[in-house]
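Participant: With positions in the sequence shown counted from 1, the corresponding number in the numbering used here is that position plus 275. Questions regarding the structure given below will be posed in turn.
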Amino acid sequence: MAVAGCTKCIKYMLFFFNFIFWLAGGVILGVALWLRHDSQTSNLLILQFEGNQAPGTFYISVYILIAVGAVMMLVGFLGCYGAIQESQCLLGTFFFFLVVLFACEVAAAIWGFMNRDTISKELINFYDSAYIKAVDVSGASSKDAAIKVLEVFHNTLDCCGKGDDSLLFTQVRTTLCPTKTPQDFLKSQSCHDKLILLFSEKLYLIGLAALVVAVIMIFEMIFTMVLCCGIRNSPVY
């Protein structure tokens, strides 16, 4: 059994889109691994203060991306092989996985949109808890640990303070931000703003990749249905 005419053209277009889909899976896997080991996020998310670990919601999203990238590469290979072999069974299995992946992507996009500010807010709260202890004049036992946590934030994000700093903080900021010069303090150095910017840029990158993959998946589902119909209706020699 072999397809001909327009259906044959669809066959090779489906193979091409599946190859792009396979490459996209590899790109997403690579980006996810980069996000997992990026020095800025890693330095912040491994911090501990008063027995509490820095919020790891961001890493949950990254691990999901790693799984999605690996599955996309597997499904893309299945689609390429099914298209070349003109196998309705393989193409049907490929279509099923595409629908599942598409539904998961839509669900993840909705969840991500609803919780787009959660990651930065959690880290801002973590920063603020250390900030309060670091400027505490009562000499709390956790003050030294809090200062070390703030130093990591300040060095990693190149910031100092939270933007609406108290008079007490301005008196000790040369200790908490030793790399800053007096001229630097005249500029906006809010760690709150830097945290929001850091994760909004990464979420924008993830969202853009998801949009491209969704468009490819829609075309693949259309071409798969057309090719299956063409294989079914093609003559048997």
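The beta-carbon is built from N, C-alpha and C at its ideal position, and this holds for glycine as well.
Is Tyr512 helix, strand or coil by DSSP?
Facilitator: Position 237 of the sequence shown, counted from the first residue, corresponds to residue 512. In this prediction, Tyr512 has a pLDDT of 47, which is less than 50 and means its spatial position is unreliable; nothing more can be read from the coordinates.
Participant: Here's a check: name, in chain order, each residue in its chain whose Cβ is nearer than 8 Å to the Cβ of Met500, leaving out the five neighbours to either side.
Facilitator: Within the sequence shown, numbered from 1, the residue matching residue 500 stands at position 225. If you ignore the 5 residues before and after Met500, its C-beta comes within less than 8 Å of the C-beta of Phe370, all in its own chain and listed in chain order.
Participant: Would you kindly report the start and end of the unbroken alpha helix (DSSP H) that includes Arg311?
Facilitator: Numbered from its first residue, the sequence shown carries residue 311 at position 36. 281-312 is the span of the alpha helix (DSSP H), which, as asked, contains Arg311.
Participant: Are Phe401 and Phe324 close, meaning C-beta to C-beta below 9 Å?
Facilitator: Numbered from its first residue, the sequence shown carries residue 401 at position 126. Numbered from its first residue, the sequence shown carries residue 324 at position 49. Yes, they are a contact pair.
Participant: Following the continuous alpha helix (DSSP H) through Gln363, name the residue where it begins and the one where it ends.
Facilitator: As a first step, residue 363 is located in the sequence shown; it is residue number 88 there, counting from the start. Segment 363-389, the alpha helix (DSSP H) holding Gln363.
Participant: Could you give the first and the last residue of the continuous alpha helix (DSSP H) run that contains Asp419?
Facilitator: One-based indexing of the sequence shown puts residue 419 at position 144. Unbroken alpha helix (DSSP H) run through Asp419: 418-432.
Participant: Kindly indicate the opening and closing residues of the alpha helix (DSSP H) around Lys437.
Facilitator: As a first step, residue 437 is located in the sequence shown; it is residue number 162 there, counting from the start. That residue, Lys437, is in no alpha helix (DSSP H); it is neither H nor E in DSSP.
Participant: Within 10 angstroms of its Cβ, does Ile285 collect 16 or more other Cβ (buried), or is it exposed?
Facilitator: As a working mapping, residue 285 is identified with position 10 in the sequence shown. The residue in question, Ile285, is buried, as its Cβ has 16 or more Cβ neighbours within 10 Å.
Participant: Taking buried to mean at least 16 other C-beta atoms within 10 Å of its own C-beta, is Ser336 buried or exposed?
Facilitator: The residue you call residue 336 lines up with position 61 of the sequence shown. The residue is buried, with at least 16 neighbouring Cβ atoms inside 10 Å.
Participant: For Phe292 and Thr393, I'd like the C-alpha separation in whole angstroms.
Facilitator: Taking the first residue of the sequence shown as position 1, residue 292 is located at position 17. Taking the first residue of the sequence shown as position 1, residue 393 is located at position 118. Distance between the alpha carbons of Phe292 and Thr393 is about 35 Å.
Participant: Go ahead and pull the three-state DSSP assignment for Ser465.
Facilitator: On the sequence shown, position 190 is the one that residue 465 refers to. Of the three classes helix, strand and coil, the one that applies to Ser465 here is coil, per DSSP.
Participant: Buried or exposed, going by whether 16 or more other CB atoms sit within 10 Å of the CB of Leu310?
Facilitator: By 1-based counting over the sequence shown, the position of residue 310 is 35. Buried, since its Cβ has 16 or more Cβ neighbours within 10 Å.
Participant: Can you tell me whether Asp403 is helix, strand or coil according to DSSP?
Facilitator: Here residue 403 corresponds to residue number 128 of the sequence shown, with the count starting at 1. Looking at Asp403 - three-state DSSP - the assignment turns out to be helix.
Participant: Taking Glu397 as the reference, give the member of Leu298, Ala485, Leu320 with the closest Cα.
Facilitator: The residue labelled residue 397 in the question sits at position 122 within the sequence shown. Nearest neighbour of Glu397 by Cα position, chosen from Leu298, Ala485, Leu320, turns out to be Leu320.
Participant: Within 10 angstroms of its Cβ, does Ile385 collect 16 or more other Cβ (buried), or is it exposed?
Facilitator: Within the sequence shown, the letter at position 110 stands for residue 385. Exposed.
Participant: Quick check on this structure: which residue in Asn390, Asp439, Phe352 has the alpha carbon closest to the alpha carbon of Tyr406?
Facilitator: Residue numbering aside, residue 406 sits at position 131 when the sequence shown is read from its first letter. Distance from the Cα of Tyr406 is smallest, within the candidate group Asn390, Asp439, Phe352, for Asp439.
Participant: Sorted by chain position, which residues of the same chain lie with C-beta nearer than 8 Å to Gly367's C-beta, five sequence neighbours on each side aside?
Facilitator: Numbered from 1 along the sequence shown, position 92 holds the residue referred to as residue 367. So the list reads Cys503, once near-sequence residues are dropped.
Participant: If you draw a straight line from the C-alpha of Ile295 to the C-alpha of Thr282, how long is it?
Facilitator: For this step, residue 295 is matched to residue 20 along the sequence shown. For this step, residue 282 is matched to residue 7 along the sequence shown. Approximately 20 Å between the Cα atoms of the pair.
Participant: Does the region 300-318 come within contact of the region 372-380, defined as at least 3 CB pairs closer than 8 Å?
Facilitator: no
Participant: Report the CB separation of Leu473 from Leu425 in whole angstroms; it is logged as a contact under 8 Å.
Facilitator: If you number the sequence shown from 1, residue 473 lands on position 198. If you number the sequence shown from 1, residue 425 lands on position 150. About 16 Å separates the two Cβ atoms, so there is no contact after all.
Participant: Quick one: using the 10 Å Cβ neighbour count with 16 as the cut-off for buried, is Val381 buried or exposed?
Facilitator: Taking the sequence shown and counting its residues from 1, the one referred to as residue 381 is at position 106. By the neighbour-count rule (16 or more Cβ atoms within 10 Å), Val381 is not buried but exposed.
Participant: Give the single residue among Arg448, Ala383, Gln360 whose Cα lies nearest to the Cα of Gly482.
Facilitator: Within the sequence shown, residue 482 is the residue found at index 207, counting from 1. Of Arg448, Ala383, Gln360, the residue nearest in Cα terms is Ala383.
Participant: Given this structure, state the Cα-to-Cα distance separating Leu478 from Arg391, to the nearest angstrom.
Facilitator: Along the sequence shown, read from residue 1 onward, the residue named residue 478 stands at position 203. Along the sequence shown, read from residue 1 onward, the residue named residue 391 stands at position 116. Leu478 and Arg391: Cα-Cα distance of roughly 8 Å.
Participant: Could you give the C-beta distance for Gly300 and Gly351, rounded to a whole number, given that I count them as a contact under 8 Å?
Facilitator: As a first step, residue 300 must be located in the sequence shown, where it is residue number 25. As a first step, residue 351 must be located in the sequence shown, where it is residue number 76. With a beta-carbon spacing of about 6 Å, Gly300 and Gly351 fall inside the 8 Å limit used to define contacts.
Participant: Let me make sure I understand the geometry here. Which of Asn318, Phe377, His312, Leu353 has the alpha-carbon closest to that of Met492?
Facilitator: Within the sequence shown, the letter at position 217 stands for residue 492. Among Asn318, Phe377, His312, Leu353, the Cα nearest to that of Met492 belongs to Phe377.
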